[in-house]
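Beneath this line is the structure, given in structure tokens, with notes to follow.
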Amino acid sequence: MRDIGRLVLVLSLIGVISAGTLAYVRAALDARIEHQEDLHVRGPALSRLFARPAPDLLANKLAFRAGGREYPVFYLDDGGQVDRLAVEAAGRGGYGGDVVVMIGLDLARRTLIGVEIVSHHETPGVGARIERESFRAQWTGLALDEPVALRSAGGDLDAISGATFSSRAMVDGTNQVIELLRDHADEIVELAAGGERPARAKGGS
Amino acid sequence: MDLLLLVIGAIFVNNVLLAQYLGNCPFCGVSKKLDTAAGMGLAVIFVAVLASVLTWVAHYFVLVPLDLEYLQTLVFVLLIAALVQLVEIFLKKKSQALYRSLGIYLPLITTNCAVLGIALLNIKHELDFATMLIYATSSAAGFALAIVLFAGVRERLLLSPVPPAMRGTAIALVTAGVMSLAFLGFAGMVE
Amino acid sequence: MTAVRALTHGFWRNLPPFRLVLGLCPALAITTAAEYGLGMGLAVTFVLVFSNALVSLLRRVIPDEVRIASFIVVIATLVVLVELAMKAYFYPLSRTLGIYVPLIVVNCIILGRAEAFASRNPVLVSAADGLGVGLGYTISLIVVGSLREILGAGTWFGRPVFGDGFEPFGFMVKAPGAFLCLGLLLGVMNAWSRRRGEIFVQT
Amino acid sequence: MVIWTPAIVLGGIAALSAAGLGVAARIFRVDEDSRFRGVLGLLPGANCGGCGFAGCAACAEAIVRREVEPNACVLGQTETARAVASYLGMDLIESEPQVACRECRGGERAARKYDYHGFEDCRAAMLYFHGPISCDHGCLGLGTCVKVCRFGAIRMGDLGLPVFDPERCVGCGTCARSCPKGIISIISETTKILHWNRYTECLSPCRQGCPAQINIPKYVAHIKLGEYAEALLTIKESNPLPLSTGRVCPEPCNLACRRQIEDEPVAINYLKRFVADWEMGSGRRLHVPVAPDTGKRIAVVGGGPAGLSAAYFLRRLGHAVTIHERMPALGGMLRYGIPEYRLPKRILDWEIEGILALGIAARTGVALGGDFSCDDLRRQGFDAILLTVGAWRDRRLELRPAGRDPAGVVSATRYLGSFRGGDVAVRGHVVVVGGGNPAIDAARTSLRAGADRVTVVYRRGRDQMPANPAEVRAAEQEGVVFRFLTAPTRYVAESGRITGLAVQRMELDAADPVGRRRPVAVPDTEELLACDLVVEAVGQLPDLDFLNLPGMPPLRVTRWNTIEACEQTLQTEVPDIFTGGDCFTGPALVISAVAAGRYAARSIHYYVTTGAVPPIEERQTELISESLFDSIAGVSAKPRVHEPLVTLDDRLGTFKEVEGTIDEEDARYEAGRCLNCGTYCYDRDQELEAPAAGAESRA
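Protein chains in written order, with the working numbering: chain Z, 1 to 205; chain X, 1 to 191; chain V, 1 to 203; chain C, 1 to 699.
So, in structure tokens, the structure goes:
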């Protein structure tokens, strides 16, 4: 029995020390990792949506929790007024998993500025064609108040032929954002305008 | 329909060995004979499914609630190592027949990236429990398929006049490349 | 076995993945470009040096039944450290290498060196061995990566090497190209060794 | 806070895993070969699969079962391989090279069952009626081994047989496994030394006939090609004394030679002597490979041919050997029994020097029993003792008046031994009693030492004489008188000095179907031979008196006064004591002693490394009976090379060597007479079919 005690002791000690070290390092690097993630993952999408260099935009970030999900939200508050938002959502049902989209919103005109793909795992050459400018252009100028749908489901958007799953995931992501805005637009604007940072977004990997 | 696509995708299109490059060391080492390759394939299916279940549970019931996802690699690999060793000890004592056909391949699996890879991919794709089971099984089956096919090819290769410098692992890798090219063709089956 | 000899062995005699046909998965998966090869190689080197050193330190403490488990925890800790550091400082690289960074844990070279060498040798020599094998591995990955990048994308470390007229062999950066490239390189190495009259056991 | 949660979680999981493993390891304990654990502990344990086995455990098991070499692990390399090899007490490939070699010497010579035009692969060809050739040992020549070799070490030679490049071969054994005929083996020097003929092998008759089982066709073929070093090394795989045996061996191999069916046997011993002399004349010694040290110490008691041979082979197997010799110099009967004119001492010295140069220690002038005991040897740390004390006690005629020798009567061993310096003067008429080689040696020595007349008295006929016929012939040429069917009856002495020997005519009784025909005295035929010296050469016995001295093991003695030991292993009843040579068999040939030395070395090697001596299955002891060869088609008569005897004038009155060495041209010619036999096949001088068919049609 003493042997087993020794086994347990040695392995758990190694485990404890490992976990402690990692937790410490992780805590020390957390902020940096999140910033890096924003800069490299969301930055390109953001800068294309708002036509500005990404580092300027990343500071205005908040994480909004609704319906059991967390949505990273970036906002522009030129001249003190929060008028434009970019909300990220994971569109479900893609062929290779979630399609993460970033939707630009113009609150004043209540329209969509556009859509950018943050990440996806679609098949190159097939589902990956959702990245094409010509496909995404359909989003620009859509009204913010109604859910969108593919033509096959009675809506206005043309799906990419052969990539229905991928197109559907984009629509799903868009509708999540539209719903979020419908229910919580004021809270978000208030949060952003107040400059009050909510609890930091939990950075997954 | 979705499930069928998932299965075909996992076995053929995204074959663990030939498209995702996972588990190549035993692929080269153990594929010299057909029966060893088959044993290895079965052992991988067995362990990959078991490990997937264990790591999936650990992930969603321990790591996520405690916000410790960054320990994923560490916890998974520890669990898999312990699991494999346990199964081996158990099989050796309880069923000599099963141990002979499967058990001796188990140690190889501790360091088989295919098993850890499948466990990590389950989480990365955010699969639910049932889908995860199917995905893990078919991915591992893809491994088994590839290694068995490859062993067949290698047995024939022994008879072929290969330039001296290319004999052994070198020609095996080139052959694997050709097989991988063939598997690339499956990409058209889905979508 | 002195530290210097341990260090130099990794460069030719034990050069992975060619001489030691181990650690193939990353060698195949992430060598689509020279840069990724360099990144992966350095990550592996870091893990190897420290895992060898730690295992060598702990070799007398760890009981046999949990030897593999303990080594794996040590290695995994180092790998997660690399993973975190890579995310914090080389984010794009960490995204490209993706799942293959955590998979360094099961790279047989690392556990192999830990068991075959570090668990029997003093700390410094073990670390030197890790450095040697790691650097050898890095060089191999860079070579494979360069070849695949130059042929498959027409660039080297991201810089174009051919004129505009060059049509890259897209095939080289895909899976079949990886196997083919590694196989042919191995063949070339064998041919060279044979010319030099070297004899070695190849499995 | 941030640190504690993960620490507890991971610590918990780790503790659970460890507890689970610990408990499981105890509940599900399985007992296994202890060596397996040991080997597994030495392997890296990374379970990478690089070796081709399913994990380190499977690899360890294969190593323990000796299915693969200790260096099977690709990860561990030299350090691991060395550790595993030393743990198992095995030789490591790295330190002792193993190379592939082919046993068949020409499958194309075997009779064909059908023409094969299928897939160029031996294994495929074997599927059709067990291959196109009828010989079980014959190479099919389709080159499967060439294709499977990963190191390019095999190529197809001109003769349609694979040729192995020892420089490239790593001894992996792939070719041996792929050969469907099983005629490729992976062989190290150690395996060659430990190997003895089996009935299941392809063995030429001469190889079966030689007690030492020298691979005669192989070295003869080397000589034919002018590869003298290879030829000599081939001989030295089974015989460390080519210079001596090349001079004194009566060639039992020759009796079996197939060449004599058509003309005369190949002069095998001349060829052996030729290459041995070639080495001595070349001024440098060939390098003889020695296996890495095993750390075992063996004491050899007796430095005669058996002891020297055993010491030589034990040393080549990697053991530390010390020879203990009673006489002031090594060589035993080679030195003290065989006269100078047959084996010059200078040549013997050179040969023994070469053996000792392998790293063998020798203590001379120390007698077992008098100066040291077996217990002393054990105390000095010897792991095994080999007794090769020879047969030094002379049998005596029961003719001595009052049990005392008159002056002028001497035993052959003492007589021959006294001529070491060659300065003993002999006068008058010398009578030698006996018919063995010692008798002839004594007779010819007497002539050279100045005797006026020499008579050999032997109680049976010429054909029953055990001495070499060639020696008898040479002695007659030199003037020795032989009195066959004559037996001594009593000594005639005057004042204590011999003056004559009374002898009686004998005749042989009716042929006994089993035994030798016994001589019976013919009554009333006694006559007196006046003489000045009588040499009794009527046989020798081992002198085993030392066994009764203190500190000696309780060894049993047979009724022939030889040491009792197991025929199969040469191990005595005391496990660490082995024996061999004349003291086990009674007086025999030098080449038999050499063979016994290697045989004892094999047993001792297994005894000190594994603790037990495995028997040799299907060990070949008798000639394999032949029915195929009552004539040899396609072989034309080709005379044997002449005997290189020195002229009679040069021989008499001196102890100069009587036989010369054949020259290179003759050696190549004589080697060309060899039919290069396998068990069933042989080389023809010319093609058989064409002329025969032509002759028939014309007739």
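Even for Gly, the Cβ is constructed at its ideal location relative to N, Cα and C.
Since the model is a prediction, treat every value here as computed from it, not as a measurement.
- Of all C-beta pairs linking the region 112 to 122 of chain C to the region 167 to 175 of chain C, fewer than three are shorter than 8 Å, placing the two stretches out of contact.
- The beta carbon of Leu7(Z) sits no closer than 8 Å to any beta carbon of chain X.
- Here Phe129(X) is exposed, its C-beta having fewer than 16 other C-beta atoms within 10 Å.
- Distance check between Glu115(V) and each of Arg5(V), Ala29(V) and Arg59(V) places Arg59(V) closest, using alpha-carbon atoms only.
- Proximity of chain V to Ala176(X) at the Cβ level (cut-off 7 Å) is accounted for by Phe179, in chain order.
- At least one C-beta of chain C is nearer than 8 Å to the C-beta of Ala69(V).
- Neighbours of Ala88(V) in chain Z, taken as residues whose beta carbon is under 8 Å from its own, are Leu29, Arg32, Ile33 and Gln36 in chain order.
- A residue is called buried once 16 or more other Cβ atoms fall within 10 Å of its Cβ, and Ala612(C), having fewer, is exposed.
- Annotation: Cβ neighbours of Gly11(C) in chain Z (cutoff 8 Å, chain order): Ser12, Leu13, Gly15, Val16 and Ala19.
- When only Cα atoms are considered, Leu555(C) and Thr572(C) end up about 7 Å apart.
- Taking 7 Å as the Cβ-Cβ cut-off, the region 105 to 116 of chain V approaches chain C at Cys108, Leu111, Gly112, Glu115 and Ala116, given in chain order.
- The continuous alpha helix (DSSP H) containing Glu83(V) extends over residues Arg67 to Tyr89.
- Counting only Cβ-Cβ distances below 7 Å, Tyr21(X) has no contacts in chain Z at all, with the closest Cβ about 16 Å away.
- Taking 8 Å as the cut-off, the Cβ atoms of Gly154(V) and Phe166(V) count as close.
- Rounded to whole angstroms, the Cβ separation of Gly551(C) and Leu386(C) is 17 Å, and the two are not in contact under 8 Å.
- Approximately 5 Å separates the beta-carbon atoms of Ser31(X) and Phe150(X); this is inside 8 Å, confirming the contact.
- Beta-bridge annotation (DSSP): Gly114(Z) is paired with Gly104(Z).
- The beta carbon of Thr661(C) lies closer than 7 Å to those of Arg273, Phe274, Asp277 and Pro644 in the same chain, with the five residues before and after it left out.
- Less than 8 Å divides the Cβ of Arg598(C) from the Cβ of Ile193(C).
- Between Ala76(V) and Glu190(Z), the alpha-carbon positions lie close to 44 Å from each other.
- Secondary-structure assignment with DSSP links Phe164(C) through a beta bridge to Ile154(C).
- When DSSP states are grouped into helix, strand and coil, Val101(V) belongs to the coil group.
- Within its own chain, the residues whose Cβ lies closer than 6 Å to the Cβ of Ser204(C), once the five positions on either side in sequence are excluded, are Pro217 and Cys677, listed in chain order.
- Taking all protein chains in view, the Cβ of Gln568(C) is surrounded by fewer than 16 other Cβ atoms within 10 Å, so the residue is classified as exposed.
- In this structure, Ser70(V) keeps its C-beta atom at 8 Å or more from the C-beta atom of Ala118(V).
- Apart from sequence neighbours up to five positions away, the residues of its chain that approach Leu93(V) with a beta-carbon distance below 8 Å are Glu35, Tyr36, Gly39 and Met86, ordered along the chain.
- Across the set Val538(C), Asp509(C), Gln540(C) and Ile498(C), the C-alpha of Ile498(C) shows the shortest separation from the C-alpha of Leu528(C).
- Shown here, Asp38(Z) sits in a helix according to DSSP, grouped into three states.
- Here the C-alpha atom of Val266(C) lies approximately 31 Å from the C-alpha atom of Glu617(C).
- Looking at the DSSP output, Cys101(C) bridges to Ser185(C).
- Under the three-state reduction of DSSP output, Met552(C) falls in the coil class, being neither helix nor strand.
- Rounded to the nearest angstrom, the gap between the Cα atoms of His117(C) and Pro132(C) is 10 Å.
- Phe74(Z) sits close to Asn60(Z), with the two beta carbons spaced by under 8 Å.
- Beta-carbon to beta-carbon, Ile68(V) and Gly117(X) are separated by about 19 Å, too far to satisfy the 8 Å threshold.
- As computed with DSSP, Trp192(V) is found in no beta bridge at all.
- As a beta-bridge residue in DSSP terms, Asp394(C) pairs with Gln540(C).
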